[in-house]
Amino acid sequence: MTSPNLIILYVKDPGESASFYRNLLNREPAVEAPNFVAFPLDGGFTLGLWRRSKVEPQPSAIGNRGEVAFMVAGENAVANHYKDWRQRGLPIAQELTELDFGPTFVVLDPDGHRLRVCEPDK
14 MTSPNLIILY VKDPGESASF YRNLLNREPA VEAPNFVAFP LDGGFTLGLW RRSKVEPQPS
74 AIGNRGEVAF MVAGENAVAN HYKDWRQRGL PIAQELTELD FGPTFVVLDP DGHRLRVCEP
134 DK
């Protein structure tokens with residue numbers, strides 16, 4: 014069976030985005046080229062950052078049409094991430110709040126991609 018293992022975000026400047034994600038993920042990219050950067054993630058996934066102007070075929074639209082979610086487990090884990098990311102000065106798109114699925118918040122990367130932190134399903 015084929016399983017997805019690569020998430021690609023289209024970015025204006027892969028170098029700027031790599032710096033952001035290097036700090037956020039506290040890890041180095043496995044690939045760093047002028048138009049593409051890739052960060053290996055836990056669980057066998059990779060986060061790719063592809064220069065928007067070099068994507069083939071070109072996307073038909075841009076904008077917030079999805080999110081990358083970070084599920085963190087443990088008592089107060091979401092609140093602790095919120096405090097840490099707020100102290101780092103990350104732009105907050107949604108303050109820490111309680112939704113149907115539990116505590117959550119959203120920050121934005123340099124290209125406006127939404128990064129949500131929430132608890133895993135119980």
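Okay, so the sequence shown: first residue is 14 according to this note's numbering, each after it adds one.
Note that the Cβ used here is the ideal one computed from N, Cα and C, for glycine as well.
Bear in mind the structure is a predicted one, so any value in this text is a computation, not a measurement.
Does the beta-carbon of residue i have 16 or more other beta-carbons within 10 angstroms, so that it is buried, or is it exposed?
i	result
Phe58	exposed
Phe114	exposed
Leu128	buried
Val130	buried
For residue i, collect the residues of the same chain with a Cβ closer than 7 Å to its Cβ; drop the 5 residues on either side in sequence, then sort them by chain order.
i	result
Val68	Tyr23
Val25	Note on residue identity: the sequence assigns Lys, not Val, to residue 25. So the list reads Arg65, Asp124, once near-sequence residues are dropped.
Pro53	Ala43, Thr59
Go through its chain and collect everything with a Cβ distance to residue i's Cβ below 6 Å, but skip five positions before and after it.
i	result
Val44	Ala51
So, is the C-beta of residue i closer than 9 Å to a C-beta in chain D?
i	result
Gly102	Considering every chain present, this structure includes no chain D. It has just one protein chain.
Please name the residue in the options whose C-alpha comes closest to that of residue i.
i	options	result
Ala106	Leu112, Gln100, Phe118	Phe118
Gly61	Ala92, Pro27, Gly79, Val91	Pro27
Compute the beta-carbon to beta-carbon distance between residue i and residue j, rounded to the nearest angstrom, for a pair I have assumed lies under 8 Å.
i	j	result
His94	Val81	Actually they do not touch by this definition, with Cβ atoms about 14 Å apart.
Here's a check: name, in chain order, each residue in its chain whose Cβ is nearer than 8 Å to the Cβ of residue i, leaving out the five neighbours to either side.
i	result
Thr110	Pro116, Thr117, Phe118
| Okay, do the stretch 19-32 and the stretch 110-127 touch, 3+ Cβ pairs below 8 Å being the bar? | yes
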